[in-house]
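Under the working numbering, think of the first position of the sequence shown as 1121, with each following residue one higher.
Cβ coordinates follow ideal geometry from the N, Cα and C atoms, glycine included.
Scroll down for the structure; my scribbles are underneath it.
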Amino acid sequence: MKNTFWNPDREALKRKDLESLQYELLIDTLKRSLYSPFYREKFSSYGIDISDIKDLSDLQKLPFTTKQDLRDWYPYGFLTVSKDQLVRLHVSSGTTGQATAIFYTQRDIETWAELMARCLYMTGARPGDVFQNMTGYGLFTGGLGFHYGAEKLGLLTIPSGAGNSKRQIQLMRDFCTTVIHIIPSYALRLMEIFSELGLDPKKELHLRIAYLGAEPYSEEVRQRVQDFYGVKVYNSYGLSEMNGPGVAFECEFQQGMHVWEDAFIVEVIDPDTLEPLPDGEVGELVLTTISREGMPLIRYRTKDLTRIIPGDCPCGRCHKRIDRIQGRSDDMFIIKGVNIFPIQVEQVLMSIPEVGTNYRIVLKKEKNIDQMIVQVEVTDKVFIEDMRHLQRLQKKIVHELKSEILVTPIVELVEPNKLPRQAGKAQRLFDLRKEG
Ligand code: ADP
Ligand code: ZN
1121 MKNTFWNPDR EALKRKDLES LQYELLIDTL KRSLYSPFYR EKFSSYGIDI
1171 SDIKDLSDLQ KLPFTTKQDL RDWYPYGFLT VSKDQLVRLH VSSGTTGQAT
1221 AIFYTQRDIE TWAELMARCL YMTGARPGDV FQNMTGYGLF TGGLGFHYGA
1271 EKLGLLTIPS GAGNSKRQIQ LMRDFCTTVI HIIPSYALRL MEIFSELGLD
1321 PKKELHLRIA YLGAEPYSEE VRQRVQDFYG VKVYNSYGLS EMNGPGVAFE
1371 CEFQQGMHVW EDAFIVEVID PDTLEPLPDG EVGELVLTTI SREGMPLIRY
1421 RTKDLTRIIP GDCPCGRCHK RIDRIQGRSD DMFIIKGVNI FPIQVEQVLM
1471 SIPEVGTNYR IVLKKEKNID QMIVQVEVTD KVFIEDMRHL QRLQKKIVHE
1521 LKSEILVTPI VELVEPNKLP RQAGKAQRLF DLRKEG
């Protein structure tokens, strides 16, 4: 499957040519951004003159844009076109607070579909495939983002949306679904439903590719999903502020996710000093849209933590790659002086076969001492075994967590399906310390 480019003019560019294109698109974007009330005010208060941006590295002279700016100038402060040129509105999931609105012109929708079509083609989806899009349609960008890309590529697209698991399985069986898009926590949940129904997707279905994204997940979850469904899992990254999905995607070599650099300029900064970091170092991902018409965003701080992977990808695309997202900077919690990301806990849990598909981390203060409680669903099989076995498992989980996170948590084993689940993205962390 080598050298399979959906759009060779953009995907097979030489680095030098890609950078000249980026510069040209950046200047267009900066000129365009002056039509928006936010950037007009921001650039004038920073005394920015676009003619001072002489090459790509001059991007670093420009101020950052934050989620707070989007909230402060909600809803129309970033528009560079009149409202009658807009054809779509999405609102971010609001995982970390008040939602933000993103607007699209017709051209923006077309560009987004093109980027998504590249992602799907790059990973081997082709006309003839049946694509079941099992993420939320509506304000969340995941559903419609993939939908338009899949139709553009010519896949038979089933807009099944999220939930209604039995019907999902029925659709997969009736129409021989081969490719799915699903958020990781729902992929895990659906595994339980298959087991309850006594169905083995590897025997009953024809799945070969699964796209997983929209929330952080570990390599261990990828492995579980691959083994259970008999698919190859590709990591998909995006955020509403940058259209939605289709910002960065794994190619067939799966050594990081290529950022489509003809649409986004990628930087990684130190979140404390705000200085750019060299490739290879982990920091906050900062993105600039250079192909967006209605609502360009310049040096947008995503709060997502990752690194740029140095070196070339064997696929031949020179578009830079980012590593698996560790989480958002706000996901990190500090307990007993140690910084921890939920995904570190997940990594440990999901590598233990007796652990089921759901877990949560609860932080509490007891007699003024911080406590970390990890509640873990175990598999059906373990739950009917004797107490001694459960105690051994509990000790093993404590021990393995401690060696990863250097803090000894309290581990509570729970029956399958007992922990609450959220519609949409899973909430893993419950910090009750401030509540006393
Ligand atoms: P919200 O920010 O309200 O959740 P979005 O639906 O726009 O709204 O979510 C985008 C966010 O989802 C990203 O900023 C990132 O934190 C997370 N995300 C998306 N894709 C991935 C992925 N493949 N791995 C980890 N996190 C992801
Ligand atoms: Zn590649």
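* Give every residue of the same chain whose Cβ lies closer than 8 Å to the Cβ of tyrosine 1224, excluding the five residues on either side of it in the sequence, and list them in chain order. => As a first step, residue 1224 is located in the sequence shown; it is residue number 104 there, counting from the start. Result list for tyrosine 1224: Leu1206, Val1207, Arg1208, Leu1209, His1210, Trp1232, Asn1363, Gly1414 and Met1415, in chain order.
* Asked: Got a sec? Which residues, its chain only, sit under 6 Å from leucine 1325 by beta carbon, not counting five neighbours each side?
  -> For the purposes of this step, residue 1325 is identified with residue 205 of the sequence shown, where counting begins at 1. Around leucine 1325: Met1292.
* Anticipated Cβ contact below 8 Å, arginine 1105 with lysine 1485, distance rounded -> There is simply no residue 1105 to check, as the chain begins at 1121 and stops at 1556 in what is shown.
* Asked: For asparagine 1355, which option in Leu1179, Asp1450, Pro1365 and Glu1161 has the closest C-alpha, if you only look at C-alpha atoms?
  -> By 1-based counting over the sequence shown, the position of residue 1355 is 235. Nearest Cα to asparagine 1355 within the set Leu1179, Asp1450, Pro1365 and Glu1161: Pro1365.
* To do: Let me know the beta strand (DSSP E) ranges lying completely inside the region 1319-1407, each 3 residues or longer, listed in chain order.
  => Complete beta strand (DSSP E) runs here, min 3: 1329-1333, 1352-1359, 1364-1370, 1377-1379 and 1384-1389.
* **Minimum C-alpha distance to lysine 1515 - residue among Val1494, Met1236 and Phe1163** => Taking the first residue of the sequence shown as 1, we reach residue 1515 at position 395. Measuring from the Cα of lysine 1515, the nearest candidate turns out to be Val1494.
* Cβ-Cβ distance between leucine 1469 and glutamine 1446 below 8 Å -> What you label residue 1469 is simply residue 349 of the sequence shown in a count that begins at 1. What you label residue 1446 is simply residue 326 of the sequence shown in a count that begins at 1. Going by C-beta atoms, leucine 1469 is not nearer than 8 Å to glutamine 1446.
* **proline 1183 to glutamate 1381 span [Cα, whole Å]** => Numbered from 1 along the sequence shown, position 63 holds the residue referred to as residue 1183. Numbered from 1 along the sequence shown, position 261 holds the residue referred to as residue 1381. Using only the alpha carbons, I get a separation of about 20 Å.
* Asked: Enumerated in chain order, which unbroken segments of the alpha helix (DSSP H) with a length of 4 residues or greater are wholly contained in the region 1272-1326?
  -> 1285-1294, 1304-1316 and 1321-1324
* Run through the region 1444-1506 for me and flag every whole alpha helix (DSSP H) of 4 or more residues, listed as ranges in chain order. => Runs of the alpha helix (DSSP H) inside the region 1444-1506: 1462-1470 and 1500-1503.
* When we look at the beta-carbon of glutamate 1316 and count the other beta-carbons within 10 Å, is it buried (16 or more) or exposed? -> Residue numbering aside, residue 1316 sits at position 196 when the sequence shown is read from its first letter. The residue is exposed, with fewer than 16 neighbouring Cβ atoms inside 10 Å.
* Identify whether valine 1527 lies in helix, strand or coil by the three-state DSSP scheme. => What you label residue 1527 is simply residue 407 of the sequence shown in a count that begins at 1. Here valine 1527 sits in coil by DSSP.
* 8 Å Cβ shell around valine 1351 - same chain, five flanking residues per side excluded -> Along the sequence shown, read from residue 1 onward, the residue named residue 1351 stands at position 231. Close CB contacts of valine 1351 within its chain, under the 8 Å cut and outside five residues either way in sequence, are with Ile1300, Leu1327, Arg1328, Ile1329, Ala1330 and Val1345 (chain order).
* **Residue span of the alpha helix (DSSP H) that contains phenylalanine 1163, given as start and end** => As a first step, residue 1163 is located in the sequence shown; it is residue number 43 there, counting from the start. First-last of the alpha helix (DSSP H) with phenylalanine 1163: 1157-1165.
* Exposed or buried, glycine 1318, counting other C-beta atoms within 10 Å across all chains shown (16 or more means buried)? -> One-based indexing of the sequence shown puts residue 1318 at position 198. Glycine 1318 should be labelled exposed.
* For glutamate 1395, count neighbouring Cβ atoms within 10 angstroms of its own Cβ and tell me buried if that reaches 16, exposed if not. => Here the question's residue 1395 lines up with position 275 in the sequence shown. Label assigned to glutamate 1395: exposed.
* Buried/exposed call for glutamate 1161, threshold 16 Cβ in 10 Å -> Sequence index remark: in the sequence shown, residue 1161 carries index 41 (1-based). So glutamate 1161 ends up on the exposed side.
* To do: Within the same chain, show all residues whose beta-carbon is closer than 7 Å to that of arginine 1397, passing over the 5 residues directly before and after it, in chain order.
  => The residue given as residue 1397 occupies position 277 in the sequence shown. Correcting the residue type first, residue 1397 is leucine in the shown sequence and not arginine. For leucine 1397, where only same-chain residues beyond five positions count, the Cβ hits under 7 Å are Val1388, Ile1389, Asp1390 and Gly1403.
* Asked: Can you name the start and end residues of the beta strand (DSSP E) that glutamine 1547 belongs to?
  -> Counted from its first residue, the sequence shown places residue 1547 at position 427. Per DSSP, glutamine 1547 belongs to no beta strand (DSSP E) and is neither H nor E.
* Asked: Does ligand 1 have even one heavy atom less than 7 Å from the beta-carbon of glycine 1281?
  -> Counting from one through the sequence shown, the residue named residue 1281 turns up at place 161. For glycine 1281, the CB stays at least 7 Å from every heavy atom of ligand 1.
* **Distance, methionine 1236 Cα to phenylalanine 1266 Cα** => Reading the sequence shown from its first residue, position 146 is the one you call residue 1266. Reading the sequence shown from its first residue, position 116 is the one you call residue 1236. Spanning the two alpha carbons is a distance of roughly 6 Å.
* To do: Can you have a look at methionine 1121 and say buried or exposed, based on whether 16 or more other CB atoms are within 10 angstroms of its CB?
  => Taking the sequence shown and counting its residues from 1, the one referred to as residue 1121 is at position 1. At methionine 1121, the pLDDT of 48 sits below 50, so the modelled position is not reliable; the number obtained from the coordinates is stated separately. By the neighbour-count rule (16 or more Cβ atoms within 10 Å), methionine 1121 is not buried but exposed.
* To do: Thinking valine 1498 and proline 1536 are a contact (beta carbons under 8 Å), I'd like their distance in whole angstroms, please.
  => By 1-based counting over the sequence shown, the position of residue 1498 is 378. By 1-based counting over the sequence shown, the position of residue 1536 is 416. 7 Å between Cβ atoms; contact.
* Asked: What did DSSP end up calling alanine 1132 once you bin it into helix, strand or coil?
  -> The count along the sequence shown starts at 1 and reaches residue 1132 at position 12. Three-state result, alanine 1132: coil.
* With 16 as the cutoff for other CB atoms within 10 Å, does alanine 1543 come out buried or exposed? -> In the sequence shown, the residue the question calls residue 1543 occupies position 423. Exposed is the label assigned to alanine 1543, since fewer than 16 other Cβ atoms lie within 10 Å of its Cβ.
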